[in-house]
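S.K.:
Numbering (this note's numbering), first residue to last: 3 to 181.
(1) With DSSP as the reference, identify every bridge partner of residue 174, one or two as the case may be.
(2) Are the CB atoms of residue 130 and residue 103 nearer to each other than 8 Å?
(3) Pull up the distance between the alpha-carbon of residue 174 and that of residue 147, whole angstroms please.
(4) Can you tell me which of the three DSSP states residue 131 falls into?
(5) Between which two residues does the alpha helix (DSSP H) containing residue 118 stretch?
(6) Are the region 23-39 and the region 55-73 in contact at 8 Å, needing three or more beta carbon pairs?
(7) So the candidates are 77, 170 and 119; which of them puts its Cα closest to the Cα of residue 180?
(8) Can you find the residues in the same chain that come closer than 6 Å, C-beta to C-beta, to residue 49, ignoring five residues on each side of it along the sequence?
(9) Tell me, please, whether the region 153-161 touches the region 75-88 by the rule of three or more beta-carbon pairs shorter than 8 Å.
(10) Could you check how far apart the C-beta atoms of residue 136 and residue 68 are, in whole angstroms? I think they sit under 8 Å.
(11) Under the assumption that residue 132 contacts residue 145 (Cβ atoms under 8 Å), give the Cβ distance between them as a whole number of angstroms.
(12) How would you call residue 162, buried or exposed, if buried means at least 16 neighbouring beta carbons within 10 angstroms?
(13) Enumerate in chain order the residues of its own chain whose CB-to-CB distance from residue 2 is below 7 Å, with the five nearest sequence positions on each side excluded.
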């Protein structure tokens, strides 16, 4: 017989395309426990019935389950490899590729890609499609305004070159956002 949690995972996958199998069950139980408790449900099947009928609760589910950890040039060795090896090879075949940043969270990785492309090809005209399951994170990314801490891994001179001061924060310049 299928467990309540396995039923929930299967139904969420069918409803949203979001696969919970890559998450540890205890981690999901911990993250969703307070949401379920606030709704007065004690089983995943009851919780699913609420999610199925209420988009606001489904949004809250996604915000709780997904992790929005992001930073410009996070994992610098990966971005260095990307900028020195992979993107030049790609650009040699297609000077203006369309690039997809899946799970873009609040946009730092997508904007990092845009900055790298502009460094490699100053008149770059390709596009970057940035998607995420969390609409609030996408709205934050679209605004393009970040606190200074998120820019701490930027290479020297990039803050001045690709960002404008915005109060206590920094706004991504339009040329970067346009990609």
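Think of the CB as a built atom: it goes at the ideal place given N, C-alpha and C, for glycine as much as any other residue.
M.R.: Considering the structure as presented:
(1) 165
(2) yes
(3) 6 Å
(4) strand
(5) 110-122
(6) yes
(7) When only C-alpha atoms are compared, the closest one is 119.
(8) 38 and 43
(9) yes
(10) 5 Å
(11) That pair is no contact at about 13 Å.
(12) exposed
(13) Nothing can be reported for residue 2: it is not among the residues displayed for the chain, which extend from 3 to 181.
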